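Q: Residue numbers (this note's numbering): 103 to 289.
1) Looking at C-alpha atoms only, which residue of 190, 211, 251 and 227 is the closest neighbour of residue 153?
2) Would you decide whether residue 137 is buried or exposed? Buried here means 16 or more other CB atoms lie within 10 Å of its CB.
3) Hey, residue 184 and residue 132: beta-carbon distance below 8 Å or not?
4) Determine the direct distance from the alpha carbon of residue 287 to that of residue 276, and round the result to whole angstroms.
5) Within the continuous alpha helix (DSSP H) that includes residue 243, where are the two ends?
6) Could you please give the first and the last residue of the uninterrupted alpha helix (DSSP H) stretch that includes residue 228?
7) Any chance the CB of residue 244 is under 7 Å from a heavy atom of the ligand GTP?
8) Among residues of its own chain, excluding the 5 on either side of residue 213, which ones have a beta-carbon nearer than 8 Å to its beta-carbon?
9) Helix, strand or coil for residue 121 per DSSP?
10) Straight-line CA distance for residue 168 to residue 155?
11) Can you tell me whether residue 235 is buried or exposed, with buried defined as 16 or more other CB within 10 angstroms of its CB?
12) Return the Cβ separation of residue 222 and residue 262 in integer angstroms, given the expectation that the two are a contact with Cβ distance under 8 Å.
13) Since I believe residue 258 is in contact with residue 143 (beta carbons under 8 Å), could you give me their beta-carbon distance rounded to a whole number of angstroms?
14) Can you name the start and end residues of the alpha helix (DSSP H) that residue 138 belongs to?
15) I'd like the ranges of any alpha helix (DSSP H) spanning at least 4 consecutive residues and lying wholly in the region 165 to 215.
16) Going by DSSP, what residue range makes up the beta strand (DSSP E) through residue 261?
17) Taking all protein chains shown into account, decide if residue 146 is buried (16 or more other Cβ within 10 angstroms of its Cβ) or exposed.
Here it is as structure tokens:
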């Protein structure tokens with residue numbers, strides 16, 4: 103793959119908030135997304151990510167009706183044919199002791215890198231995704247039988263986008279607005 107193709111793929115990925123409800127995502131495409139996530143780097147190569155892939159309508163409906171936080175309506179989520187719970191199985195030294203010493207939450211960096219691998223693999227296959235952080239972790243954990251030691255850090259909706267769903271894509275800042283040479287510069 104040429105760098106131009108990679109940047110083009112990254113540039114085309116947007117949060118999808120309109121799905122074709124009755125069009126299930128093929129297992130082979132989900133497996134490709136999981137493989138991409140599996141290859142992500144992590145602190146001390148601990149690979150703390152775990153996924154729960156939810157595609158049955160009953161569980162999807164329960165996530166939408168029981169696990170989302172109030173105040174931010176997400177009616178589009180009920181049409182997503184798949185929701186993935188991105189989880190972290192935390193290692194004591196790397197993910198509990200190291201952040202105390204360094205002040206960095208390595209596990210959250212690991213989850214972000216792995217999750218982005220997942221959503222870019224989805225984009226490459228013509229699928230839409232949306233990162234969701236507005237949920238009740240305890241309720242998601244209970245609904246999906248996720249152990250207490252495992253942290254649910256995000257939900258990711260996954261499915262085939264409705265036609266025109268990315269028509270109102272937001273703009274991005276220019277490189278000179280986000281990257282500085284040698285020292286920080288206020289614009």
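C-beta atoms are modelled at their ideal positions from N, C-alpha and C, and glycine is treated no differently. It should be emphasised that the depicted structure is a prediction, and the values quoted were computed from it without experimental measurement.
A: To lay it out plainly:
1) Here the closest residue by C-alpha is 190.
2) Counting Cβ neighbours within 10 Å, residue 137 comes out exposed, since fewer than 16 surround it.
3) In terms of Cβ geometry, residue 184 and residue 132 form a close pair [threshold 8 Å].
4) Distance between the alpha carbons of residue 276 and residue 287: 15 Å.
5) Its alpha helix (DSSP H) spans residues 239 to 245.
6) In the DSSP annotation of this structure, residue 228 is not part of any alpha helix (DSSP H), being labelled neither H nor E.
7) Of ligands this structure carries none, so the ligand GTP is not represented either.
8) Taking C-beta separations shorter than 8 Å and ignoring five residues to either side along the sequence, the partners of residue 213 in its chain run 150, 151, 188, 190, 255 and 256, following chain order.
9) Looking at residue 121 - three-state DSSP - the assignment turns out to be strand.
10) Cα to Cα, residue 168 sits roughly 17 Å from residue 155.
11) Counting other Cβ atoms within 10 Å of its Cβ, residue 235 stays below 16 and is therefore classed as exposed.
12) Not really, about 17 Å apart at Cβ, beyond 8 Å.
13) At roughly 19 Å, the Cβ-Cβ gap does not stay under 8 Å, so residue 143 and residue 258 are not in contact.
14) The continuous alpha helix (DSSP H) containing residue 138 extends over residues 129 to 140.
15) Contiguous alpha helix (DSSP H) elements confined to the region 165 to 215 occur at 200 to 204, taking only those with 4 or more residues.
16) Element bounds for residue 261: 252 to 261.
17) That one is exposed.
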